[in-house]
Amino acid sequence: MTVVLAVVGVLLLAAACWVLRGVYLIRKAKRLEAEIGTLNARTEAVEADEEARKAAAVVALGFVAEADLDTENPAPVPAARTAVLEAVRSGDWEAAAAYVEAAGQDWQERLERVRPLAEAAAEDDAWLLAWRAARPGDATAALVHADTSVMVAWNVRGSQSGSRTTQEQFRLFHQLLTKAQADAHEAQRLGDPADPSPYVVEQAIGMGLGYSHERYRELWARITERAPRLLWSHVAGLQYWCAKWRGSHELAMAFARESAAAGKPGDLLTLLPLMAYFEQETQEDDLLPETFYKEPEIVAAADAALADLAAAGNEHPGTPRMRHMLAYLLFWQDRDAEAVEQFRHVDGHIGAVPWTYAGEPKRRYLYARDWAVNVTTPDA
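According to the working numbering, the sequence shown holds residues 19 to 398 in order.
Written as structure tokens, this is what we have:
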């Protein structure tokens, strides 16, 4: 019996030792986990401090701080546009009429003036309805009305992919686009026969309603017979031919190259191939931007765009959008000094593709800008 008790005692003592050892190991593991957590937190803090230091150094060189970046506009808003938008919000539709008509037959500028008015009317159209009531046959009012109808429809659809858009959104979207189509056709009937603008407005309708390729080409012919090198219409056309809408990468690239070939120096139609490459890279998961954009044909396309930009100067309405796209591609091509030159021109206003293509435009923009600046200014 004594032997049995001794054995049991030994076993209990051993068990107690194992328990105590287990408790010790658990406590040690917890201490190690806490120490690792502390080290990770310190590392993250050091990295955050370093990132903040680099960001401050870039700002010290004259670049805009993150908090001050404008994500709505690709360039500073002209004072005349700000004034007319304030006027229409107070009901002064005559200011809107004068503003659009002042563009004359500069069709690119006419469209640039119509769009912000349409965006404003999509929020509150009281002034537009008053304009239409006062001048029922006014072609400019009809054009703004048609573009407003397009804006309302696309606002309902939203910018999410098809899989994230509800059936009710699609139903209402198509219903509103059908109305917009009728409004665009009215604007075409009332407009100057030489004016491509009401046909350009129909491009977004055709994309949304799914015009057949044949029907879209007919619409395209009506535009190009009036204005063959209108940048606005070529950019809209590229969207239709993209794989995410009604075409494919091959069709989009063919359209882009045809557009670029049709342009004269300064027309900025060399933007189209850059946009087509960007669309392809963002849609195909197996393409890495750090290698894809270094392909010789894309480097050559960027070179052609730089020459086109030099010919266009700063007065072309499409210049800011070209600079944004070039800054992005030149960054990925490790042409950092050339990228920084473009960043200096557009810095502060980043409401443009490629930064706005997905969420977090500031993060996308700052990553590229600050990297390029730091590479070209090692002491920054």
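No residue lacks a Cβ here, since even glycine has one placed at the ideal position from N, Cα and C.
All values reported here derive from a predicted model rather than from experimental measurement.
DSSP state of residue i, grouped into three classes?
| i | result |
| --- | --- |
| residue 252 | helix |
| residue 285 | coil |
| residue 88 | strand |
| residue 233 | helix |
| residue 82 | coil |
| residue 201 | helix |
| residue 243 | coil |
| residue 333 | coil |
| residue 321 | helix |
| residue 210 | coil |
| residue 326 | helix |
| residue 74 | helix |
| residue 114 | helix |
| residue 94 | coil |
Go to residue i, then tell me how far its alpha helix (DSSP H) extends in each direction, as first and last residue.
| i | result |
| --- | --- |
| residue 351 | It is not in any alpha helix (DSSP H) - residue 351 carries neither H nor E in the DSSP assignment. |
| residue 371 | No alpha helix (DSSP H) contains residue 371, which DSSP labels as neither H nor E. |
| residue 261 | From DSSP, residue 261 is part of no alpha helix (DSSP H); its letter is neither H nor E. |
| residue 312 | No alpha helix (DSSP H) holds residue 312; DSSP gives it neither H nor E. |
| residue 104 | 97–107 |
| residue 392 | 379–394 |
| residue 306 | From DSSP, residue 306 is part of no alpha helix (DSSP H); its letter is neither H nor E. |
| residue 270 | 267–280 |
| residue 226 | 215–227 |
Return no unless some Cβ of chain C is closer than 8 Å to the Cβ of residue i.
| i | result |
| --- | --- |
| residue 379 | Structure shown: chain C not included; a single protein chain is present. |
Could you tell me whether the Cβ atoms of residue i and residue j are closer together than 8 Å?
| i | j | result |
| --- | --- | --- |
| residue 362 | residue 289 | no |
| residue 127 | residue 121 | yes |
| residue 408 | residue 350 | The structure shown does not extend to residue 408, since the chain spans only 19 to 398, so no value can be given for it. |
| residue 91 | residue 336 | no |
| residue 355 | residue 345 | no |
| residue 157 | residue 103 | no |
| residue 282 | residue 87 | no |
| residue 237 | residue 192 | no |
| residue 216 | residue 161 | yes |
| residue 171 | residue 194 | yes |
| residue 329 | residue 284 | yes |
| residue 72 | residue 352 | no |
| residue 212 | residue 189 | no |
| residue 185 | residue 175 | no |
| residue 239 | residue 301 | no |
| residue 220 | residue 199 | yes |
| residue 77 | residue 85 | no |
| residue 280 | residue 246 | yes |
| residue 153 | residue 163 | no |
| residue 395 | residue 79 | yes |
| residue 223 | residue 205 | no |
| residue 249 | residue 214 | no |
| residue 148 | residue 111 | yes |
| residue 364 | residue 382 | no |
With a CB to CB cut of under 6 Å and the five nearest residues on each side skipped, what residues in its chain are close to residue i?
| i | result |
| --- | --- |
| residue 278 | 287, 288, 290, 291 |
| residue 251 | 218, 241 |
| residue 105 | 113 |
| residue 93 | 338, 367 |
Which residues in the same chain have their Cβ closer than 7 Å to the Cβ of residue i, if we skip the five residues on either side of it in sequence?
| i | result |
| --- | --- |
| residue 307 | 299, 350 |
| residue 131 | 117, 118, 121 |
| residue 348 | 320, 356, 357, 360 |
| residue 259 | 265, 269, 270, 273 |
| residue 230 | none |
| residue 402 | As displayed, the chain neither begins before 19 nor continues past 398, which places residue 402 out of reach and without an answer. |
| residue 165 | 132, 133, 136, 219 |
| residue 101 | none |
| residue 384 | 84 |
In chain order, what residues of the same chain lie with their CB nearer than 8 Å to the CB of residue i, ignoring the 5 residues before and after it?
| i | result |
| --- | --- |
| residue 293 | 253, 256, 274, 343, 371 |
| residue 107 | 138, 142, 145 |
| residue 378 | none |
| residue 324 | 344, 356 |
Can you find a heavy atom of the ligand ADP that lies under 7 Å from the Cβ of residue i?
| i | result |
| --- | --- |
| residue 325 | The model depicted lacks the ligand ADP and carries no ligand whatsoever. |
Runs of 4 residues minimum, wholly inside the region 116–186: which ones carry the alpha helix (DSSP H) assignment? Unbroken alpha helix (DSSP H) stretches of 4 residues or longer found wholly inside the region 116–186: 125–141, 144–152, 157–175, given in chain order.
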